[in-house]
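Right, one structure below, let's go through it.
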Amino acid sequence: MLTVPGLCWLCRMPLRLSRWGICSVCTRAVKTRIHCCPQCGLPANNEKMPCGRCLQKPPLWSDLVAVSDYIQPLSGLIHQLKFSAQSQLAQPLARLLLLRVMHARRTRALPRVDLLISVPLHSRRHWRRGYNQSDLLCRPLARWLRCAWHPQTLKRIHATAIQHQLSARLRKRNLKNAFRLELPVKGRHIAIVDDVVTTGSTVAELSRLLLQSGAASVQVWCLCRTL
58 MLTVPGLCWL CRMPLRLSRW GICSVCTRAV KTRIHCCPQC GLPANNEKMP CGRCLQKPPL
118 WSDLVAVSDY IQPLSGLIHQ LKFSAQSQLA QPLARLLLLR VMHARRTRAL PRVDLLISVP
178 LHSRRHWRRG YNQSDLLCRP LARWLRCAWH PQTLKRIHAT AIQHQLSARL RKRNLKNAFR
238 LELPVKGRHI AIVDDVVTTG STVAELSRLL LQSGAASVQV WCLCRTL
């Protein structure tokens with residue numbers, strides 16, 4: 058699906074600012090309509106307090122921000138970004154995530170971060186796709202939020218199996234020792250930026266590595282959290 062400059066990617070109506078990519082009506086429409094836990098991102102009764110699951114066994118990261126569940130229309134845009142070489146979708150999608158982060162700062166006092174980290178692809182997959190979609194999301198976010206972003210901070214050193222084809226147990230095993238930290242993160246407040254969080258195995262492994270290396274805190278920011 059291609060878009061004409063100045064038209065919304067979803068409804069095809071004219072945009073006031075063409076670089077937004079998605080109009081204000083569609084922006085409101087893609088947001089999650091149910092209450093989700095601010096820590097794990099799964100459905101909960103209160104979106105300002107950790108859910109019972111997190112109180113009993115909290116994830117390694119402190120906060121999770123997501124725009125929506127992995128459903129249409131957002132899932133379709135993400136699929137185009139990743140598999141149809143529609144890299145121009147990255148900035149409109151990054152703007153959706155920015156708006157959600159700013160909303161979380163107002164409504165639940167989400168702490169600020171000083172470093173963004175993109176989820177790395179293995180070099181072979183990066184070569185085949187031509188880019189890392191997480192890098193494309195981080196670049197404008199770092200500029201808008203005036204925080205650091207170094208795409209080489211983390212490296213994927215093993216070509217792991219595709220995560221969505223595995224069970225939750227196999228996902229965790231698949232990622233063991235798959236990443237290596239290339240730059241120091243001691244004392245940094247970090248947000249891991251990804252397109253989709255499903256079971257959380259990838260961001261959990263990255264959070265473990267970052268915290269063991271001295272990171273002060275880790276958040277997870279994603280376009281979609283599978284509910």
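Using the working numbering, the letters of the sequence shown correspond one by one to residues 58 to 284.
Note that CB positions come from ideal geometry on N, CA and C, so glycine has one too.
Hey, quick one: how far does the beta strand (DSSP E) through Cys281 stretch, first residue to last?
Its beta strand (DSSP E) spans residues 274 to 282.
Indicate whether His246 and Val158 have their beta-carbon atoms separated by less than 9 Å.
The answer is no: Cβ separation not under 9 Å.
Going by C-alpha distance, which of Asp252, Arg162, Leu268 is nearest Leu202?
It is Arg162 whose Cα lies nearest to the Cα of Leu202.
Using alpha carbons as the reference points, say which of Ser270, Gly63, Ala235, Asp251 lies closest to Arg282.
Here the closest residue by C-alpha is Asp251.
Thinking just about the alpha-carbon of each residue, which of Gln145, Glu262, Trp206 is nearest to the one in Pro241?
Looking at the Cα atoms, Trp206 is the closest of the given residues.
Counting C-beta neighbours from all protein chains within 10 Å, is the total for Arg213 16 or more, i.e. buried, or is it exposed?
It counts as buried.
Judging by CA-CA distance, which residue of Gln148, Ser258, Ser270, Asn102 is the nearest neighbour of Pro116?
If we check each option's Cα against that of Pro116, Ser258 comes out closest.
Can you say whether Pro177 is buried or exposed, counting buried as having 16 or more other CB atoms within 10 angstroms of its CB?
Buried is the call here.
Take the Cβ of Ile91 as the centre, count every other Cβ of all protein chains shown within 10 Å, and call the residue buried at 16 or more, exposed below.
Answer is exposed; the Cβ neighbour count stays below 16.
For a test of the three-state rule: what should DSSP assign to Asp252, helix, strand or coil?
It is a strand residue.
Which one of Arg152, Gly187, Thr164, Asn234 has the shortest CA to CA distance from Arg200?
Of the candidates Arg152, Gly187, Thr164, Asn234, the one whose C-alpha sits nearest the C-alpha of Arg200 is Arg152.
Less than 9 Å between the C-beta atoms of Leu194 and Leu154, yes or no?
Going by C-beta atoms, Leu194 is nearer than 9 Å to Leu154.
Helix, strand or coil: how does DSSP classify Ile214 here?
In this structure, Ile214 counts as coil in the three-state DSSP scheme.
With C-beta atoms as the reference, is Ala123 less than 9 Å away from Cys83?
Not a contact, by the Cβ cut-off of 9 Å.
By the three-class DSSP mapping on this structure, what secondary structure does Ala161 have?
Looking at Ala161 - three-state DSSP - the assignment turns out to be helix.
Alpha helix (DSSP H) containing Ser180: first to last residue?
Run containing Ser180: 180 to 186, per the alpha helix (DSSP H) assignment.
On the DSSP letters alone, give me the boundaries of the alpha helix (DSSP H) that Ala199 sits inside.
Looking at the DSSP string, the run of the alpha helix (DSSP H) that includes Ala199 is 190 to 202.
The alpha helix (DSSP H) spanning Leu138 covers which residue range?
Counting along the chain, the alpha helix (DSSP H) containing Leu138 begins and ends at 131 to 140.
Taking the CB atoms as reference points, tell me whether Leu267 and Leu232 lie closer together than 9 Å.
Taking 9 Å as the Cβ cut-off, Leu267 and Leu232 do not qualify as a contacting pair.
Have a look at the DSSP bridge pairing and note the partners of His246.
Partner(s): Ser274.
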